[in-house]
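K.L.:
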Amino acid sequence: MDLLLAHGAMPPGAAWHLEAPVQMGLACAAAGYLFLVLRLRSRGGAVKRGRAWAWGLGLASVLVALQTPLSAVAEGRSLAAHMLQHVLLMSVAAPLLLVGLYPRLLVPVTRPLLPAMLNRRFPSALLRMLSEPAFTFGVWLLVLYLWHVPAVYGLALHSEPWHIAEHLSLMIAGTLFWLPVIDPLVSLKRMPPVRRILYLGGGQVATAVLAAVLVWWPDVLYIHYERANEMWGISPQADQQVAGALMMVIDMIAALWATTWIALGSLGRAPSAQPQAAL
Amino acid sequence: MDALADRRVGLGAAGALAAAFVTGGVALATGSSQWTMVLAGALLLGSGFAVMAPCQLQMSAMLTHVVRNMAARNVSASGAPSVARAAGLFSLGYLVFYAPVAILLGGLALLLGPYAWMLCLIGGVMAMVLGLAALGALPRSWLSRCRGPLYLLRSGRASCRRPFAAGIAFGQYCATCCGPYLYALLVVAGATGAFWLGAGLVALYSLTMVVPFLLPALLAPGRYAVLGERVQTLAPQVNRATGAALIAMGAVLFPVTALIA
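So the protein lines, in turn, are chains A and B.
Numbered by our numbering, the letters in the first sequence go through residues 1 to 279 in order.
Numbered by our numbering, the letters in the second sequence go through residues 1001 to 1261 in order.
Shown next as structure tokens:
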């Protein structure tokens, strides 16, 4: 079904985008976290309340991005709304969910799995790759740029399976990007604080190029929104500029927040123990 | 350790400078007007993190210093409400200072019209001079204040008793450092013909500076207060990074000026 036509005629704010698989996934993530927290508490471990809040806010960000009227507006009416959806998944939900995790909480999951994985060739190589910043950065960059090529973007707008694939891959790529920065597991390769800040800076440069194209390109890049009705009197060109600005600002806020905590966090810890609680 | 950090910073600045000139040169050589503005914008937005991150760390360092003084002088007990309140008032002062700055800079860019690119050029020279001063390479007494915001604390302008006024004072300090960046942002944004975009970007800039620093102070005030005890050890590195970032930004602003002139 053509999503553009499906949502284009709806007044903004009228359509809630309720999807059972997403809601079930979020419920499972919340229940799983609760189980880990209760298990940790029952064994006398200290539960970090701030981390639990971060997990909750991360799930709430996914909920807002995918299950509210924002989703309908994003698909049919506004590139800025769609960009907000993408940024919520990649730069807000992903780091918050990672901040919510910490080694002591994850012991029941990692203790049986990690040693077995490390002893086998393929899983071990996969783990090594996932903890390699060049790999995580590369995947994030590829996914971010690929989905914003106008033809590919159009494909996702007009096909539900491609649209699901788009959001899922953006979420995974965002999580991969933030993994070496936040590092909730005792991973194989750890970056020192300065390198983590440079990694974040590299991400900002990559985002800046895409944001600059959206803000300063003289024409409307995504024709689907050119055909859609203007929302709140904002022209498609202005909508595109707002999308670029939103992308840059939210990404920058996330990167600066992480930078502040990496720098301040590095003051209070020995170098070997820094990465886990950087944020 | 310091020498290694300096070498890294120097290499980073040299890399940024080389990238800026190569990109500017390619854009000028191809002569595509569509890509010219995009490249100028990308250069500016891309260098934003390098400009804002050291400034953001200085702001956090200053607030933690203010918080530490509050605890030491028993103005109020060092705990959650006082840290959050101080951070809120400090941020409010910073935002209040930036509101007229955005209007003033926007007005100036409008008045200059087609000659607004001169703001970019002046900004580039200013950034270079401020960067060299922050690194201590220009031993002029009137530039000594550019070596970090500590003089605000020493002079009493950033007092623990008045976090709102401290926010305004830090805004003034920050506007000197980031002013050149803002000029260029305004001029490039203004070139699209949508002036609201330029003013909006400056407003968003100040918000972007405040939010990442305000959120941890509100959500984890206890930890923020503890870090205040140790934060001063970071000040020399942050000040050096600020100097290097300003020089790199100055280097970026010259090709940006060439692109939009």
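Yeah, the Cβ is synthetic: ideal placement off N, Cα and C, and Gly gets one too.
1) Can you tell me whether P23/A is buried or exposed, with buried defined as 16 or more other CB within 10 angstroms of its CB?
2) Return the residue from the list A243/A, P123/A and R121/A that minimises the CA-CA distance to A212/A.
3) Do the segment 114 to 124 of chain A and the segment 153 to 162 of chain A touch if we need at least three Cβ pairs shorter than 8 angstroms?
4) By the criterion of Cβ-Cβ separation under 8 angstroms, what are the contact partners of G1048/B in chain A?
5) Which residues, in chain order, does the segment 1089 to 1112 of chain B contribute to contact with chain A at a C-beta distance below 9 angstroms?
6) Counting Cβ pairs, one atom from each stretch, are 3 or more of them under 8 angstroms apart for the segment 56 to 64 of chain A and the segment 140 to 151 of chain A?
7) So, with DSSP's three-state summary, where would you put C1055/B?
8) What's the gap between the Cα of L105/A and the Cα of L113/A?
9) Do F1170/B and M1059/B have their CB atoms nearer than 8 angstroms?
10) Counting only beta-carbon atoms, is M1052/B nearer than 8 angstroms to chain A?
11) Let me make sure I understand the geometry here. Which of V215/A, R43/A, D219/A and P193/A has the alpha-carbon closest to that of T259/A?
12) Name, please, each residue of chain A whose Cβ falls closer than 7 angstroms to the Cβ of G1041/B.
13) Just checking: is the beta-carbon of G56/A within a distance shorter than 8 angstroms of some beta-carbon in chain B?
14) Pull up the distance between the alpha-carbon of P1236/B and that of Y199/A, whole angstroms please.
15) Cβ of T1208/B less than 8 angstroms from any chain A Cβ?
16) Can you name, in chain order, every residue of its own chain whose Cβ lies under 7 angstroms from the Cβ of M117/A, other than the five neighbours on each side?
17) If you count every other CB in all the chains shown that lies within 10 Å of the CB of F1254/B, and 16 or more means buried, which is it?
18) Mind checking D239/A: buried by the 16 CB within 10 Å criterion, or exposed?
19) Could you say which of A1251/B, I1247/B, G1250/B and V1238/B lies nearest to L264/A if we only look at CA atoms?
20) Taking 8 angstroms as the threshold (C-beta atoms), are W178/A and A94/A in contact?
21) From the DSSP output, in three-state form, read off S61/A for me.
22) Got a sec? Which residues, its chain only, sit under 7 angstroms from L146/A by beta carbon, not counting five neighbours each side?
23) Could you tell me whether any Cβ in chain A is nearer than 8 angstroms to the Cβ of V1256/B?
24) Taking 6 angstroms as the limit between beta carbons, can you name the residues of its chain near G1243/B, skipping five residues before and five after?
25) Would you mind giving the Cβ-Cβ distance between M90/A and G174/A, rounded to the nearest angstrom? I have them listed as a contact below 8 angstroms.
26) Less than 8 angstroms between CB atoms is the rule here; does L1185/B satisfy it with respect to chain A?
27) Need the endpoints of the alpha helix (DSSP H) that T280/A sits in, please.
28) Taking C-alpha atoms, which residue in G76/A, M248/A and L66/A lies nearest to G201/A?
29) Would A54/A pass as a contact of A1042/B if the rule is Cβ separation under 8 angstroms?
30) Is the beta carbon of L1182/B sitting closer than 8 angstroms to the one on L1044/B?
31) Answer with buried or exposed for F35/A, where buried requires no fewer than 16 other C-beta atoms within 10 angstroms of its C-beta.
32) May I have the straight-line CA-CA distance separating F1049/B from A245/A, to the nearest angstrom?
33) Nearest CA to the CA of A72/A: which residue from M252/A, L18/A and V220/A?
34) With DSSP run on the structure shown, which of helix, strand or coil describes P218/A?
P.N.:
Taking the coordinates as given:
1) By one-based count along the first sequence, residue 23/A stands at place 23. First, the amino acid is wrong: residue 23/A is Gln here, not Pro. Using a 10 angstroms sphere on the CB of Q23/A, the tally of other CB atoms stays under 16, which defines it as exposed.
2) Sequence index remark: in the first sequence, residue 212/A carries index 212 (1-based). It is A243/A whose Cα lies nearest to the Cα of A212/A.
3) With a cut-off of 8 angstroms, the segment 153 to 162 of chain A and the segment 114 to 124 of chain A do not count as touching, because too few Cβ pairs lie within range.
4) In the second sequence, the residue the question calls residue 1048/B occupies position 48. Close to G1048/B, with beta-carbon spacing below 8 angstroms, are these residues of chain A in chain order: Q204, A208, M248 and M252.
5) Within the segment 1089 to 1112 of chain B, no residue qualifies.
6) No, the segment 56 to 64 of chain A does not touch the segment 140 to 151 of chain A.
7) Along the second sequence, one-based indexing puts residue 1055/B at 55. Correct three-state label for C1055/B: helix.
8) For this step, residue 105/A is matched to residue 105 along the first sequence. For this step, residue 113/A is matched to residue 113 along the first sequence. Annotation: L105/A to L113/A spans about 14 angstroms, alpha carbon to alpha carbon.
9) Here residue 1170/B refers to the residue found at position 170 when the second sequence is read from its first residue. Here residue 1059/B refers to the residue found at position 59 when the second sequence is read from its first residue. Yes.
10) One-based indexing of the second sequence puts residue 1052/B at position 52. By this cut-off, M1052/B is an interface position.
11) On the first sequence, position 259 is the one that residue 259/A refers to. Answer by Cα proximity: P193/A.
12) Your numbering for residue 1041/B matches position 41 in the second sequence. Contacts between G1041/B and chain A, judged by CB atoms closer than 7 angstroms, involve A212, V215 and W216 in chain order.
13) Taking the first sequence and counting its residues from 1, one reaches residue 56/A at position 56. Output row for G56/A: interface = no.
14) Counting from one through the second sequence, the residue named residue 1236/B turns up at place 236. Counting from one through the first sequence, the residue named residue 199/A turns up at place 199. Straight-line spacing of the CA atoms in P1236/B and Y199/A works out to 22 angstroms.
15) The sequence position of residue 1208/B within the second sequence is 208, counting from 1. With a threshold of 8 angstroms between beta carbons, T1208/B makes contact with chain A.
16) The count along the first sequence starts at 1 and reaches residue 117/A at position 117. For M117/A, where only same-chain residues beyond five positions count, the Cβ hits under 7 angstroms are P123, S124 and L127.
17) Here residue 1254/B is taken as the residue at index 254 of the second sequence, counted from 1. The residue in question, F1254/B, is buried, as its Cβ has 16 or more Cβ neighbours within 10 Å.
18) Indexing the first sequence from 1 puts residue 239/A at position 239. Taking a 10 Å sphere around the C-beta of D239/A, we find 16 or more other C-beta atoms and assign the residue as buried.
19) Indexing the first sequence from 1 puts residue 264/A at position 264. Closest option to L264/A, judged by alpha-carbon separation, among A1251/B, I1247/B, G1250/B and V1238/B: V1238/B.
20) Taking the first residue of the first sequence as position 1, residue 94/A is located at position 94. Taking the first residue of the first sequence as position 1, residue 178/A is located at position 178. Closer than 8 angstroms, so yes.
21) Residue 61/A sits at position 61 when you count from the first residue of the first sequence. In this structure, S61/A counts as helix in the three-state DSSP scheme.
22) Taking the first residue of the first sequence as 1, we reach residue 146/A at position 146. The beta carbon of L146/A sits closer than 7 angstroms to the beta carbons of V152 from its chain, once the five residues preceding and following it are set aside; these are given in chain order.
23) Along the second sequence, one-based indexing puts residue 1256/B at 256. No, because no Cβ of chain A sits closer than 8 angstroms to the Cβ of V1256/B.
24) In the second sequence, the residue the question calls residue 1243/B occupies position 243. Around G1243/B: G1131, A1134 and L1135.
25) Against the first sequence, residue 90/A aligns to sequence position 90. Against the first sequence, residue 174/A aligns to sequence position 174. About 3 angstroms separates the two Cβ atoms, so the contact holds.
26) Taking the second sequence and counting its residues from 1, one reaches residue 1185/B at position 185. Not closer than 8 angstroms to any Cβ of chain A, the Cβ of L1185/B fails to qualify, so no.
27) In the structure as shown, chain A begins at 1 and stops at 279. Residue 280/A is therefore absent and cannot be evaluated.
28) Locating residue 201/A in the first sequence gives position 201, counting from the first residue. Nearest of G76/A, M248/A and L66/A to G201/A, Cα basis: M248/A.
29) Position 54 of the first sequence, counting from 1, holds the residue named residue 54/A. Position 42 of the second sequence, counting from 1, holds the residue named residue 1042/B. No, these two residues do not count as a Cβ contact at 8 angstroms.
30) Along the second sequence, read from residue 1 onward, the residue named residue 1182/B stands at position 182. Along the second sequence, read from residue 1 onward, the residue named residue 1044/B stands at position 44. Not in contact: L1182/B and L1044/B (Cβ atoms no closer than 8 angstroms).
31) Translated into the one-based positions of the first sequence, residue 35/A becomes position 35. Exposed, because fewer than 16 other Cβ atoms sit within 10 Å of the Cβ of F35/A.
32) Indexing the second sequence from 1 puts residue 1049/B at position 49. Indexing the first sequence from 1 puts residue 245/A at position 245. Going from the Cα of F1049/B to the Cα of A245/A covers about 14 angstroms.
33) Numbered from 1 along the first sequence, position 72 holds the residue referred to as residue 72/A. Selected option, being the one with the closest Cα: L18/A.
34) Residue 218/A sits at position 218 when you count from the first residue of the first sequence. Three-state result, P218/A: coil.
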